[in-house]
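The structure appears below as structure tokens.
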Amino acid sequence: MSLILAIETSCDETAAAIVEDGRKVLANCVDSQIAIHEKYGGVVPEVAARHHLSAINQVVEETLRQAAIKPDQLTHIACTNGPGLVGTLLVGLSCAKALAWSWSKPLVTIDHLFSHVYANYLDSDLEPPFICLLVSGGHSQLMKFDSYKDGEILGQTFDDAAGEAYDKVARLLGLEYPGGPSIDRIARQGNAKAFRFPEGVVEGFNFSFSGLKTAVLRQVEKLEEPLPTEDLAASFQDAVNRVLFKKSVQAMESAGIEKLVLAGGVAANSDLRKRFENLQEEGKARIYMPPLKYCTDNAAMVASAAHFIGEEAGLDASVYSRSPSRRKAKSARLKN
Ligand code: KG4
Ligand code: ZN
Numbered sequence: 007m008s009l010i011l012a013i014e015t016s017c018d019e020t021a022a023a024i025v026e027d028g029r030k031v032l033a034n035c036v037d038s039q040i041a042i043h044e045k046y047g048g049v050v051p052e053v054a055a056r057h058h059l060s061a062i063n064q065v066v067e068e069t070l071r072q073a074a075i076k077p078d079q080l081t082h083i084a085c086t087n088g089p090g091l092v093g094t095l096l097v098g099l100s101c102a103k104a105l106a107w108s109w110s111k112p113l114v115t116i117d118h119l120f121s122h123v124y125a126n127y128l129d130s131d132l133e134p135p136f137i138c139l140l141v142s143g144g145h146s147q148l149m150k151f152d153s154y155k156d157g158e159i160l161g162q163t164f165d166d167a168a169g170e171a172y173d174k175v176a177r178l179l180g181l182e183y184p185g186g187p188s189i190d191r192i193a194r195q196g197n198a199k200a201f202r203f204p205e206g207v208v209e210g211f212n213f214s215f216s217g218l219k220t221a222v223l224r225q226v227e228k229l230e231e232p233l234p235t236e237d238l239a240a241s242f243q244d245a246v247n248r249v250l251f252k253k254s255v256q257a258m259e260s261a262g263i264e265k266l267v268l269a270g271g272v273a274a275n276s277d278l279r280k281r282f283e284n285l286q287e288e289g290k291a292r293i294y295m296p297p298l299k300y301c302t303d304n305a306a307m308v309a310s311a312a313h314f315i316g317e318e319a320g321l322d323a324s325v326y327s328r329s330p331s332r333r334k335a336k337s338a339r340l341k342n
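My numbering runs 6 ahead of the 1-based position in the sequence shown.
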């Protein structure tokens with residue numbers, strides 16, 4: 007049995023959670039900094055790190071209180087150590103190290119990107135094998151999981167991540183931060199067929215979103231004020247989601263697996279969820295999507311990942327800003 011306290015501070019959410027055996031969430035606390043970074047139109051790393059520092063102790067205490075758990079009942083202390091903002095990651099890791107040392111618990115460090123996948127195990131009966139579409143602000147990947155560990159990367163973005171494209175286009179359209187949810191909201195009033203933006207198709211199960219972003223920019227330059235913002239948002243969203251959906255279905259077919267798992271912040275997108283819900287209703291696949299609170303950054307998913315794939319780290323553990331797979335994809339692209 008595991009009872010894990012996890013901490014997540016990779017970007018602008020100070021989060022802690024306690025999860026039993028990787029699935030049962032006893033407490034999940036998130037202190038969001040959206041209101042703080044809103045006026046800058048994006049996350050300011052230094053401001054984020056300072057805010058984590060002042061919030062972290064309270065968030066951890068509140069998590070223990072809500073779960074009604076005493077430190078000596080915990081089996082491990084887990085924490086995200088990358089990829090993310092170095093300054094913010096260091097706050098979470100330092101806190102986790104201090105707790106692990108003072109409570110004599112093993113420390114487990116977890117990759118943020120991977121932890122998004124494990125959000126699907128929370129309060130659910132999910133079991134491998136499955137295909138995972140992982141779409142966040144920093145990554146877009148299709149993966150195949152044959153076991154609880156070791157997801158094989160089938161494809162990934164060559165340039166912008168899906169969430170990054172949502173955020174950049176939202177800024178271009180003058181929508182408020184964070185961009186993804188703004189586009190999701192106003193696209194509901196727009197016509198997705200008003201503009202035909204390119205899907206940005208690249209070979210295999212890989213993606214490319216930077217051409218699409220430029221296509222929206224060129225279109226905006228041609229239009230006169232006031233911009234048809236709803237139609238632009240809906241048409242852009244349709245182009246992103248069309249390719250995410252199509253490649254996910256192709257990956258399932260090619261792997262002979264009829265189970266798909268959605269993960270990452272963009273998995274909160276209502277149009278994308280609808281597409282996969284329809285697929286499930288047609289009886290073509292079993293779809294798992296985390297509830298919205300587990301799609302965006304949280305620590306419950308970190309605790310779940312620690313249960314299934316956690317390896318003990320020393321008190322000399324460090325943080326990293328970019329994921330090794332993204333670094334590899336970029337350098338492969340540069341060589342071609
Ligand atoms: O997973 P996440 O919370 O943080 C990272 O690890 O990056 O993902 C954040 C990303 C942002 O780019 C945000 O705009 C996007 O997820 N996002 C959405 C929606 N909610 C969050 N994108 C589209 N539609 C949404 N409803
Ligand atoms: Zn994330």
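Backbone N, C-alpha and C fix where the C-beta goes; we use that ideal spot for every residue, glycine too.
Out of the options, which one is the CA nearest neighbour of residue i?
{"i": "V175", "options": "E317, F164, L113 and L238", "result": "L238"}
{"i": "I40", "options": "K30, P77, K76 and P51", "result": "P51"}
{"i": "P89", "options": "F282, F120 and R71", "result": "F120"}
{"i": "A55", "options": "Q195, S16 and V226", "result": "S16"}
{"i": "K280", "options": "D303, S260 and F251", "result": "F251"}
{"i": "Q147", "options": "V249, E26, S324 and G289", "result": "V249"}
{"i": "D166", "options": "E264, G143, T86 and K150", "result": "G143"}
{"i": "A106", "options": "A171, T81 and S260", "result": "T81"}
{"i": "A261", "options": "I137, A273, P187 and L132", "result": "I137"}
{"i": "C35", "options": "S241, T302 and F151", "result": "T302"}
{"i": "S254", "options": "A245, L266, V246 and D244", "result": "L266"}
{"i": "A198", "options": "L95, E236, G270 and G271", "result": "E236"}
{"i": "V123", "options": "S110, T115 and L139", "result": "L139"}
{"i": "R29", "options": "A319, F164, E259 and V308", "result": "V308"}
{"i": "L132", "options": "A104, R328 and E264", "result": "E264"}
{"i": "A273", "options": "D322, Q225, A168 and S100", "result": "A168"}
{"i": "L18", "options": "N304, A319 and L178", "result": "In the sequence as presented, Leu is not what sits at residue 18; that position holds Asp. Considering only alpha carbons, the answer is N304."}
{"i": "S188", "options": "A291, D173 and H145", "result": "D173"}
{"i": "E170", "options": "E288, S110, P232 and V49", "result": "V49"}
{"i": "E318", "options": "T115, G47, V226 and S110", "result": "T115"}
{"i": "L128", "options": "M295, A200 and L91", "result": "M295"}
{"i": "S110", "options": "G270, G196, D117 and Q79", "result": "Q79"}
{"i": "K103", "options": "A291, G210, V31 and L11", "result": "L11"}
{"i": "S329", "options": "Q286, P77 and L91", "result": "L91"}
{"i": "D244", "options": "G47, D156, A200 and D117", "result": "A200"}
{"i": "V226", "options": "G180, Q256 and Y46", "result": "G180"}
{"i": "G47", "options": "S108, S310, I293 and G186", "result": "G186"}
{"i": "A291", "options": "K299, P297, L298 and F282", "result": "F282"}
{"i": "S327", "options": "R224, E231 and D117", "result": "D117"}
Excluding the 5 residues preceding and the 5 following residue i in the sequence, name in chain order all residues of the same chain whose CB lies nearer than 7 Å to its CB.
{"i": "G217", "result": "P204 and G206"}
{"i": "A33", "result": "A23, I24, T69, Q72 and A73"}
{"i": "V208", "result": "F164 and S214"}
{"i": "D27", "result": "M7, S8 and H313"}
{"i": "V222", "result": "V175, L178, F203, L238 and F242"}
{"i": "D322", "result": "none"}
{"i": "L95", "result": "T15, S16, T86, N87, G88 and V325"}
{"i": "E158", "result": "M149 and K150"}
{"i": "V31", "result": "A23, V25, L128, D129 and A306"}
{"i": "K219", "result": "D166, A171, K174 and V175"}
In the DSSP assignment, what are the bridge partners of residue i?
{"i": "C35", "result": "A22"}
{"i": "R292", "result": "K265"}
{"i": "E14", "result": "A21"}
{"i": "K30", "result": "E26"}
{"i": "A319", "result": "L113"}
{"i": "T163", "result": "F213"}
{"i": "L9", "result": "E26"}
Give every residue of the same chain whose Cβ lies closer than 6 Å to the Cβ of residue i, excluding the five residues on either side of it in the sequence, and list them in chain order.
{"i": "T20", "result": "D37, H58, A61, I62 and V65"}
{"i": "D190", "result": "N275 and S276"}
{"i": "E44", "result": "Y183"}
{"i": "R194", "result": "none"}
For residue i, which residues of its own chain have a beta-carbon under 8 Å away from its beta-carbon, when the five flanking residues on both sides are left out?
{"i": "Y154", "result": "P134, F314 and I315"}
Round the Cβ separation of residue i and residue j to the nearest angstrom and send it over; I've been treating them as touching at under 8 Å.
{"i": "N212", "j": "G161", "result": "4 Å"}
{"i": "G93", "j": "I13", "result": "That belief does not hold up - the Cβ atoms of G93 and I13 are roughly 15 Å apart, past 8 Å."}
{"i": "F113", "j": "I75", "result": "According to the sequence as given, residue 113 is Leu; it is not Phe. The Cβ separation is near 18 Å, so there is no contact."}
{"i": "N247", "j": "L278", "result": "5 Å"}
{"i": "A257", "j": "G196", "result": "Between G196 and A257 the Cβ distance is about 29 Å, and since that is not below 8 Å, they are no contact."}
Identify every run of the alpha helix (DSSP H) within the segment 180-206, keeping only runs that are complete inside it and at least 4 residues long; order them along the chain.
If you keep only unbroken alpha helix (DSSP H) runs of at least 4 residues inside the segment 180-206, you get 185-193.
What are the start and end residues of each continuous beta strand (DSSP E) run of 3 or more residues lying completely inside the segment 78-161, in chain order?
DSSP runs (the beta strand (DSSP E)) wholly in the segment 78-161: 82-88, 113-117, 136-141 and 146-151.
Uninterrupted alpha helix (DSSP H) stretches inside the segment 37-82 (no shorter than 4 residues)
Within the segment 37-82, the complete alpha helix (DSSP H) runs of at least 4 residues are 40-43 and 51-73.
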